[in-house]
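The structure appears right after this line, and notes come after that.
There are 2 protein chains.
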Amino acid sequence: MIDYSNKICEACSVDAPKATQSEIEDFLKNHNEWYLATDVEFPQLRREFKFNDFSTAQKFTNIISDLAEEEGHHPSILLEYGKVTISWWSHKIQSLHVNDFILSSKTEELYNSKFQ
Amino acid sequence: MIDYSNKICEACSVDAPKATQSEIEDFLKNHNEWYLATDVEFPQLRREFKFNDFSTAQKFTNIISDLAEEEGHHPSILLEYGKVTISWWSHKIQSLHVNDFILSSKTEELYNSKFQ
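Line by line, the protein sequences give chains A and B. Numbers 798 to 913, taken from this note's numbering, label the letters of the first sequence in order. Numbers 798 to 913, taken from this note's numbering, label the letters of the second sequence in order.
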């Protein structure tokens, strides 16, 4: 199992390598709450996070938004009452990149350290 | 044409009146950028707002989140790079209520006053 939460995002270009099926499966096996969303144009790593109210969900939205700005890699964030859904993928390669494993892991870590 | 931006949200109960088809059509006729989304469980008033980058989109997300908290009525907010999609509906009546016209108008007004 690779610990992606300690890794750093690298700039992603159009010819960057796509994550392999085996890398995706390995990530999902070790991150049970995440799943591969295929109801969108390109596959995404997605997870829903539950909260007691809207304002806590808003706080988490801002924490992940700030992470995205720091890393220069941006997810889609669906903010609803008591729920935030985060989806990571790499637009430039229209697929998943190792950066998406890294940011998903960091998202998970921020949730666990601040909201659990 | 009713100016909903000056109205105030009332508490919405399960037996509150649903918006009529004619009220919905009237609202949409006078708010061209909004549309009735039907790809969800209950119909929603939805609009996409474009921005130059992620951080401006995040700012708008927070402005609308703060509005939602003040009014005690919460939309879904999809935050992406350069785009925010806002959807208003009334969970309690599983439909649209006059509150959704009011909050959609206030959303529009906040966008126009701060980002246009």
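Even for Gly, the Cβ is constructed at its ideal location relative to N, Cα and C. Bear in mind that the values here come from a model prediction, so they are computed numbers and not experimental data.
It is roughly 47 angstroms from the alpha-carbon of S910(B) to the alpha-carbon of Q818(A).
Distance from the CA of L833(B) to the CA of E807(B), rounded to the nearest whole angstrom, comes to 22 angstroms.
Residue contact check for E877(A) against chain B: a CB pair falls below 9 angstroms. Against chain A, the beta carbon of T853(B) has no neighbour under 9 angstroms; the closest one sits roughly 11 angstroms away. Approximately 5 angstroms separates the beta-carbon atoms of F839(B) and W886(B); this is inside 8 angstroms, confirming the contact. Y908(B): member of the alpha helix (DSSP H) spanning 895-912, first to last residue.
Spanning the alpha carbons of S902(A) and E868(A) requires a straight line of approximately 13 angstroms. Taking 9 angstroms as the threshold, the shortest C-beta distance from E866(B) to chain A falls below it. Interface criterion met: the Cβ of T858(B) is under 9 angstroms from a Cβ in chain A. With a cutoff of 9 angstroms on beta-carbon distance, I883(B) and I874(B) are scored as near each other. Residue environment: N896(B) is assigned as buried (16 or more neighbouring CB atoms within 10 Å of its CB, all protein chains considered). Under a criterion of Cβ atoms nearer than 8 angstroms, no residue of chain A is adjacent to H894(B); the nearest Cβ is some 15 angstroms distant. Residues of chain B whose Cβ lies closer than 7 angstroms to the Cβ of I874(A) are, in chain order, L876. Q855(A) has its alpha-carbon roughly 32 angstroms from the corresponding atom of D823(B). Contact note: S810(B) does not reach chain A at a C-beta cutoff of 7 angstroms; the least C-beta distance is about 17 angstroms. In this structure, N859(A) places its C-beta atom within 9 angstroms of the C-beta atom of N859(B). Minimum Cα-Cα distance from A813(B) among the listed residues E906(B), L893(B), Y908(B), I805(B) corresponds to L893(B). If only complete runs of 3 or more residues are kept, the stretch 847-901 of chain B shows the beta strand (DSSP E) at 873-877, 880-885, in order along the chain. In the structure shown, E820(B) falls within a helical segment according to DSSP collapsed to helix, strand and coil.
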